[in-house]
Amino acid sequence: MHDYRENDAIVKVLGDDDRLYSLIARGIRKIASKNAGKVQPFQYVRFFIDYQEQRTMHALRTADLIQSFRSLKEDLLKQAIAAVLCECMEKSEPQNDSFPYFLSVLTQLEQTNQPYLILSLFFAHMNREIGIEPFVDGCAGCGRSDLLCGISLQQGGFVCQGCYHERDQQYDKNDLQSFRILCKANLTHVSLLETTQSWNYEHFSMIYRFFAEYSGIPIRSVRFLTHLASL
Ligand SMILES: [Zn+2]
56 MHDYRENDAI
66 VKVLGDDDRL
76 YSLIARGIRK
86 IASKNAGKVQ
96 PFQYVRFFID
106 YQEQRTMHAL
116 RTADLIQSFR
126 SLKEDLLKQA
136 IAAVLCECME
146 KSEPQNDSFP
156 YFLSVLTQLE
166 QTNQPYLILS
176 LFFAHMNREI
186 GIEPFVDGCA
196 GCGRSDLLCG
206 ISLQQGGFVC
216 QGCYHERDQQ
226 YDKNDLQSFR
236 ILCKANLTHV
246 SLLETTQSWN
256 YEHFSMIYRF
266 FAEYSGIPIR
276 SVRFLTHLAS
286 L
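Residue numbers (our numbering): 56 to 286.
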């Protein structure tokens, strides 16, 4: 939601047709607005709008709340993660099935006790969609599958001791294995992955580094999440 004139806001909405819409919500900043509670970030809402084919913005008339994800909003970390997810969805080109996928992401985020796992899987998915996923089936430099010792942003994936360069990140076997799992897994694996280990900010950061470097999509809200993780 972005402020727009006095009392008005522009609301960015991902539609169930996998398209992004900009809605002008008039009077939404007024205390008496009947739509205010329903037009909040990270909510599943049915909007009634004045749709005009030639326009890029449409007027919002009323809204019905379908799902509020309330417990997500009561958790500061989950809220910060949801802000990152929404900003990324807003700035990237929607794909086929973006809507059911994103609804599923928010549902899993609300339910999980491992929010960084959901966030990491989301960005691993985005990396695959954009075609910038790291190579994790061997060394990205020479292809060998033993003596792997780090991850290289420049070479695009795992690197072995021979291909390792000082600008690359060094990781132990466990971290490389976790990274590989995140790169390959999707939301159907969440309940299994929740039990195998604890997923933290560093796991997210390993995946996100590739997105930040190669997607061309700057996500400002990651800064707050990074700050939160450092406390
Ligand atoms: Zn190599």
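Glycine included, every Cβ here is placed at the ideal spot set by N, Cα and C.
Host alpha helix (DSSP H) of residue i (start-end)
i      : result
Val160 : 153 to 166
Leu176 : 170 to 185
Ser147 : Careful: Ser147 lies outside any alpha helix (DSSP H) and carries neither H nor E.
Ile206 : Where Ile206 is concerned, there is no enclosing alpha helix (DSSP H), although the beta strand (DSSP E) it sits in stretches over 203 to 207.
His244 : No alpha helix (DSSP H) contains His244, which DSSP labels as neither H nor E.
Ser126 : 125 to 128
Tyr226 : Where Tyr226 is concerned, there is no enclosing alpha helix (DSSP H), given that its DSSP letter is neither H nor E.
His282 : 277 to 285
Boundaries of the beta strand (DSSP E) in which residue i is found, first to last residue
i      : result
Thr117 : 112 to 122
Arg101 : 99 to 105
Phe213 : 212 to 215
Inter-residue Cα distance where the pair is residue i and residue j
i      : j      : result
Thr243 : Gln95  : 28 Å
Tyr219 : Tyr156 : 36 Å
Ala87  : Glu268 : 44 Å
Asp72  : Arg101 : 13 Å
Phe178 : Asp105 : 34 Å
Leu75  : Val214 : 38 Å
Cys143 : Ile173 : 14 Å
Gln122 : Arg199 : 48 Å
Asn182 : Leu176 : 10 Å
Phe154 : Asp63  : 26 Å
Val7   : Leu78  : The chain is shown only over 56 to 286; residue 7 falls outside these bounds and no answer can be derived.
Phe265 : Glu184 : 13 Å
Ala135 : Thr162 : 15 Å
In DSSP terms, what residue i is bridged to
i      : result
Ser77  : Lys67, Met112
Gly92  : Note: Gly92 sits in no beta bridge, so no partner.
His57  : Ile65
Phe190 : Gly212
Buried versus exposed, by CB contacts within 10 Å (16 or more), residue i
i      : result
Asn90  : buried
Cys61  : It is Glu, not Cys, that sits at residue 61 in the sequence shown. Classification of Glu61: exposed, given that the 10 Å Cβ count is below 16.
Gly196 : buried
Phe97  : buried
Gly217 : exposed
Gly70  : exposed
task = Evaluate contact between the segment 225 to 243 and the segment 257 to 277, counting only Cβ atoms and requiring at least three cross-stretch pairs below 8 Å.
result = yes
key: Three CB pairs or more closer than 8 Å across the segment 196 to 215 and the segment 270 to 281   = no
ask   = Counting pairs of Cβ atoms below 8 Å between the segment 214 to 232 and the segment 181 to 190, do you hit three or more?
value = With a cut-off of 8 Å on Cβ pairs, the segment 214 to 232 is not in contact with the segment 181 to 190, counting fewer than three such pairs.
inquiry  = With a threshold of 8 Å, are at least 3 pairs of Cβ atoms found where one atom belongs to the segment 100 to 114 and the other to the segment 145 to 162?
reply    = A contact between stretches requires three or more CB pairs, one per stretch, nearer than 8 Å, and the segment 100 to 114 fails this requirement with the segment 145 to 162.
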